[in-house]
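In this text, residue positions in the sequence shown follow our numbering: the first is 111, and each later residue adds one. Okay, so here's the structure we're looking at.
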Amino acid sequence: MNIVIADSARLTLLETKAYYNQEQPGLGYDFVQEFINALGRIQTQPEAWTPLSKRTRRCLMKRFPYSIIFRIQKTHNQIQIIDLMHQKRQPKTY
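Quick look at the structure:
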(Lines of atoms letter the chains of each structure in order from A and count residues from 1; the text may use other names and numbers.)
(Lines give C-alpha, C1' and ligand atoms only; values in the text may rest on other atoms or scores of the structure.)
Protein backbone atom coordinates (compact mmCIF):
# COMPACT_ATOMS: atom_id res chain seq x y z
CA MET A 1 0.00 0.00 0.00
CA ASN A 2 1.13 3.52 -0.76
CA ILE A 3 1.45 6.02 2.09
CA VAL A 4 0.11 9.55 1.74
CA ILE A 5 0.90 12.11 4.45
CA ALA A 6 -1.52 14.98 5.07
CA ASP A 7 -0.07 18.48 5.03
CA SER A 8 -0.98 19.01 8.69
CA ALA A 9 0.90 15.84 9.74
CA ARG A 10 3.88 16.86 7.61
CA LEU A 11 3.90 20.31 9.28
CA THR A 12 3.77 18.74 12.76
CA LEU A 13 6.67 16.48 11.77
CA LEU A 14 8.80 19.45 10.69
CA GLU A 15 7.90 21.57 13.74
CA THR A 16 8.63 18.70 16.12
CA LYS A 17 11.92 17.96 14.39
CA ALA A 18 12.95 21.61 14.86
CA TYR A 19 11.89 21.52 18.53
CA TYR A 20 13.91 18.39 19.28
CA ASN A 21 16.95 19.80 17.45
CA GLN A 22 16.78 22.87 19.71
CA GLU A 23 16.65 20.61 22.76
CA GLN A 24 19.60 18.54 21.61
CA PRO A 25 21.42 18.68 18.26
CA GLY A 26 20.62 15.59 16.20
CA LEU A 27 17.57 14.60 18.24
CA GLY A 28 15.27 15.95 15.53
CA TYR A 29 16.95 13.62 13.04
CA ASP A 30 16.30 10.72 15.44
CA PHE A 31 12.65 11.76 15.64
CA VAL A 32 12.27 11.72 11.85
CA GLN A 33 14.01 8.32 11.66
CA GLU A 34 11.61 6.91 14.25
CA PHE A 35 8.68 8.35 12.26
CA ILE A 36 9.98 6.62 9.11
CA ASN A 37 10.43 3.35 11.02
CA ALA A 38 6.86 3.59 12.32
CA LEU A 39 5.59 4.17 8.77
CA GLY A 40 7.32 0.95 7.78
CA ARG A 41 5.57 -0.93 10.59
CA ILE A 42 2.23 0.57 9.55
CA GLN A 43 2.80 -0.33 5.90
CA THR A 44 3.74 -3.92 6.79
CA GLN A 45 0.71 -4.55 9.02
CA PRO A 46 -1.79 -1.70 8.68
CA GLU A 47 -4.64 -3.49 10.46
CA ALA A 48 -2.56 -4.53 13.48
CA TRP A 49 -2.75 -1.10 15.13
CA THR A 50 -5.20 0.19 17.71
CA PRO A 51 -8.52 1.35 16.23
CA LEU A 52 -9.60 4.83 17.32
CA SER A 53 -12.85 4.76 15.35
CA LYS A 54 -14.36 2.78 12.49
CA ARG A 55 -12.10 4.59 10.06
CA THR A 56 -8.91 5.45 11.94
CA ARG A 57 -6.08 3.68 13.74
CA ARG A 58 -3.16 4.73 15.91
CA CYS A 59 0.47 3.64 15.89
CA LEU A 60 2.59 4.66 18.88
CA MET A 61 6.12 5.76 18.12
CA LYS A 62 8.61 3.75 20.20
CA ARG A 63 11.09 6.37 21.42
CA PHE A 64 9.04 9.56 21.36
CA PRO A 65 5.64 10.37 22.93
CA TYR A 66 3.84 10.71 19.59
CA SER A 67 1.13 8.73 17.84
CA ILE A 68 0.63 8.44 14.11
CA ILE A 69 -3.07 8.58 13.27
CA PHE A 70 -3.98 6.97 9.98
CA ARG A 71 -6.76 5.47 7.92
CA ILE A 72 -6.66 2.62 5.43
CA GLN A 73 -8.20 3.24 2.01
CA LYS A 74 -8.38 -0.26 0.53
CA THR A 75 -10.16 0.90 -2.62
CA HIS A 76 -7.24 3.23 -3.39
CA ASN A 77 -4.59 0.81 -2.04
CA GLN A 78 -3.47 3.60 0.23
CA ILE A 79 -2.70 4.44 3.85
CA GLN A 80 -3.45 8.06 4.72
CA ILE A 81 -1.47 9.58 7.58
CA ILE A 82 -3.92 12.15 8.89
CA ASP A 83 -2.18 13.36 12.05
CA LEU A 84 0.94 13.17 14.17
CA MET A 85 -0.22 13.73 17.73
CA HIS A 86 1.62 14.23 21.02
CA GLN A 87 0.30 11.62 23.44
CA LYS A 88 -0.01 14.01 26.41
CA ARG A 89 -2.15 16.57 24.61
CA GLN A 90 -5.92 16.55 24.37
CA PRO A 91 -6.79 14.03 21.65
CA LYS A 92 -8.86 15.15 18.71
CA THR A 93 -11.94 13.26 17.61
CA TYR A 94 -11.29 11.14 14.57
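For glycine and all other residues, C-beta sits at the position ideal for the given N, C-alpha and C. The structure presented is a predicted model; accordingly, all values stated were derived computationally and were not measured.
Since residue i is in the alpha helix (DSSP H), which residue starts that stretch and which ends it?
i: F141; result: 137-154
i: K127; result: 117-133
Would you verify that the beta carbon of residue i is, or is not, closer than 8 Å to some beta carbon of chain C?
i: D117; result: Annotation note: the requested chain C is absent from the structure, which comprises a single protein chain.
Tell me which same chain residues have a C-beta within less than 7 Å of the C-beta of residue i, skipping the five on either side of it?
i: Q153; result: M111, I113, I189
Give the range of the beta strand (DSSP E) segment to which residue i is assigned.
i: S177; result: 176-183
i: Q188; result: 188-196
Quick check on residue i: does DSSP put it in helix, strand or coil?
i: R167; result: strand
Please return the same chain residues whose Cβ sits closer than 8 Å to the Cβ of residue i, not counting the five positions on each side in sequence.
i: T166; result: I179, F180, R181, I192, Y204
i: K172; result: E144, N147, A148
Is it true that the segment 157-165 meets the segment 113-128, where meeting means three or more beta-carbon pairs spaced less than 8 Å apart? no
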